[in-house]
Amino acid sequence: MLFLISKRVLAACATVIAVIILSGMLIHLVPGDPVTAMMAQSVSATPEAMAEMRAKLGLDLPVWQQVLLYLGQVLQGDLGTTIRGNESVAMLLLQRLPNTFALAVSGLGVALAIGIPLGFLAAVNRGRIADTAIMVIAVFGVSIPAFWLGLIMMQVFSLKLGWLPVAGSSWRNIILPALTLGLTYCALVARMTRSALVEVLAEDYIRTARAKGLREHEVLLVHALKPALISIVTVVGLVFAYLLGGQVIIENVFSWNGIGRLAIQAMLERDYPMIQGFIVVFAISVVIVSMLIDIVYGFLDPRMRQR
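Heads up: the sequence shown at position 196 corresponds to 196 in this note's numbering, and the numbers run straight through without jumps.
The structure is reproduced here in structure tokens:
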């Protein structure tokens with residue numbers, strides 16, 4: 001097990017470094033000059049001043065050199081400073097990261113609370129009307145864009161019914177965005193849960209348990225649920241990564257003060273340090289969650305511990 005954890009940690013570090021290098025190379029292929037965008041409204045935007053600013057930001061260096069310098073800074077815990085406000089990127093992201101994780105965890109809770117029971121119900125009633133209805137709803141749910149669902153929920157629960165606020169910083173403000181994210185991805189959880197449980201129910205030991213005269217709920221809860229949960233655990237990491245990515249839009253729809261809003265603002269202003277910082281923090285978050293899921297999977301599955 002220790003070897004498995006060590007291997008996952010090394011793979012996680014390599015993944016983060018690869019993401020930093022690739023994002024640093026790709027971000028410089030985006031059309032436009034951040035210095036021009038930053039100094040367009042300034043009366044001191046002379047060619048000399050702009051050249052000095054490029055040199056200060058290191059934008060006059062070759063791309064590969066900029067990427068290596070940035071990699072060295074990140075390994076030292078320095079994500080740079082924003083172009084416009086000259087503020088610490090790391091501090092700005094760390095200030096908003098708790099809000100982003102709170103929304104992601106809340107959305108994950110909603111997705112699991114709805115998706116797992118629906119998938120369980122569909123698997124138990126495989127081939128029946130309930131199974132077909134749940135899978136049709138799941139396909140429909142996967143097809144709905146998160147931002148569209150968010151706008152509909154805002155229109156219904158905030159503007160028409162007045163039950164929940166549209167924006168703000170109290171605990172009630174997290175309900176609508178969390179429901180939006182959870183409902184968006186609960187369909188994925190339901191489909192994966194159904195697939196995992198259907199596969200387990202087809203195993204020989206399940207047929208043996210039924211042949212021994214065990215009640216159906218005992219077969220499901222005692223013999224089928226735990227093996228199915230091993231597969232469902234892997235879905236949690238996948239859904240959490242999707243949630244973090246989907247929050248970039250949802251945070252802007254609901255004016256939630258997370259790192260997603262910072263990312264959109266940085267993209268509009270061509271703030272390279274903030275964009276790169278967001279990518280690094282996003283990659284680290286996803287890699288850490290995936291690594292933890294792999295470790296939990298190893299504890300649940302004895303075959304993984306023997307490797």
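The C-beta atom is built at its ideal place from N, Cα and C for all residues, glycine as well.
Output needed for residue 125: all residues of its chain with C-beta closer than 7 Å, excluding positions within five of it in sequence on either side, in chain order.
Result list for residue 125: 131, in chain order.
My assumption, with CB atoms under 8 Å, is that residue 16 sits in contact with residue 283. Please give the rounded CB distance.
Yes, residue 16 and residue 283 are in contact; Cβ-Cβ is about 6 Å, under 8 Å.
For residue 104 and residue 174, what's the separation of their Cα atoms in angstroms?
Residue 174 has its alpha-carbon roughly 10 Å from the corresponding atom of residue 104.
Would you mind working out which of 53, 78, 81, 93 sits nearest residue 258, comparing C-alpha positions?
Of the candidates 53, 78, 81, 93, the one whose C-alpha sits nearest the C-alpha of residue 258 is 93.
Tell me whether residue 309 is buried or exposed, calling it buried when 16 or more other Cβ atoms sit within 10 Å of its Cβ.
The question about residue 309 has no answer here: the residues shown for the chain are numbered 1 through 307.
Helix, strand or coil: how does DSSP classify residue 290 here?
Here residue 290 sits in helix by DSSP.
What does the Cβ neighbour count give for residue 153, buried or exposed, with the cut at 16 atoms within 10 Å?
Under a 10 Å Cβ-count criterion, residue 153 is classified as buried, with 16 or more other Cβ atoms of the shown protein chains found around its own Cβ.
Closest to residue 172 by C-alpha separation, out of 158, 97, 52, 183, would be which residue?
For the residues 158, 97, 52, 183, the minimum Cα distance to residue 172 belongs to 158.
Go ahead and pull the three-state DSSP assignment for residue 132.
In the structure shown, residue 132 sits in a helix (DSSP, three-state: H, G or I).
What would DSSP say about residue 81, mapped onto helix, strand or coil?
Residue 81 carries a strand assignment under DSSP once its states are collapsed to helix, strand and coil.
Identify, in the order they occur along the chain, each residue of the same chain with its Cβ nearer than 6 Å to the Cβ of residue 123, setting aside the five sequence neighbours on each side.
Answer for residue 123: 194, 197, 198, listed in chain order.
Could you tell me how far apart the beta carbons of residue 147 and residue 253 are, in whole angstroms, since I believe they sit closer than 8 Å?
Residue 147 to residue 253, Cβ: 5 Å. Contact.
On the DSSP letters alone, give me the boundaries of the alpha helix (DSSP H) that residue 154 sits inside.
No alpha helix (DSSP H) contains residue 154, which DSSP labels as neither H nor E.
Anticipated Cβ contact below 8 Å, residue 25 with residue 67, distance rounded
About 6 Å; that satisfies the 8 Å criterion.
8 Å Cβ cutoff, residue 2 in contact with chain D:
Included in the structure is just one protein chain, with no chain D present.
Is residue 21 closer than 8 Å to residue 71 when the C-beta atoms are compared?
Cβ atoms of residue 71 and residue 21: closer than 8 Å.
Give the C-beta separation of residue 19 and residue 108 to the nearest angstrom, bearing in mind that I take them to be a contact with Cβ-Cβ under 8 Å.
The beta carbons of residue 19 and residue 108 sit about 22 Å from each other, so the pair does not count as a contact at 8 Å.
Neighbourhood of residue 251 by C-beta, 6 Å cutoff - its chain only, sequence neighbours within 5 removed:
Closer than 6 Å at Cβ, skipping near neighbours: 258, 260, 261.
Helix, strand or coil for residue 328 per DSSP?
Lying outside 1 to 307, the shown extent of the chain, residue 328 is not represented and no answer is given.
What distance in whole Å lies between the Cβ atoms of residue 209 and residue 200, which are believed to be in contact at a cut-off of 8 Å?
With a Cβ gap of about 11 Å, residue 200 and residue 209 do not count as contacting.
Backbone secondary structure at residue 255 - three-state DSSP
In the structure shown, residue 255 sits in coil (DSSP, three-state: anything other than H, G, I, E or B).
Can you grab the Cα-Cα spacing for the pair residue 183 / residue 110, in whole Å?
C-alpha separation (whole angstroms): 7 Å.
Proximity winner among 190, 47, 128, relative to residue 117 (alpha-carbon distances):
Just measuring C-alpha positions, the residue of 190, 47, 128 sitting nearest residue 117 is 190.
Using only alpha-carbon positions, find the residue among 286, 272, 215 that is nearest to residue 86.
Residue 272 is the option with its Cα nearest to residue 86.
Need the endpoints of the alpha helix (DSSP H) that residue 189 sits in, please.
In the DSSP assignment, residue 189 falls within the alpha helix (DSSP H) that extends over 175-201.
Please determine, among 235, 223, 275, 237, the residue with the shortest C-alpha to C-alpha distance to residue 204.
Per the Cα distances, 223.
Which same chain residues, not among the five before or five after residue 263, have their C-beta less than 6 Å away from its C-beta?
When the five nearest sequence neighbours on each side are left out, the beta carbons in the same chain lying within less than 6 Å of the beta carbon of residue 263 are those of 248, 278, in order along the chain.
Terminal residues of the continuous alpha helix (DSSP H) containing residue 309?
Since the first and last residues shown for the chain are 1 and 307, residue 309 lies out of range.
For residue 89, the first and last residue of its enclosing alpha helix (DSSP H):
Here the alpha helix (DSSP H) through residue 89 covers 89-124.
Between which two residues does the alpha helix (DSSP H) harbouring residue 224 extend?
First-last for residue 224: undefined, no H or E at that position.
Taking the alpha-carbon of residue 102 as reference, which of 229, 211, 188, 179 has the nearest alpha-carbon?
Nearest in C-alpha terms to residue 102, of all of 229, 211, 188, 179, is 179.
I'd like to know whether the C-beta atoms of residue 97 and residue 281 end up nearer to each other than 8 Å.
Contact flag set, yes.
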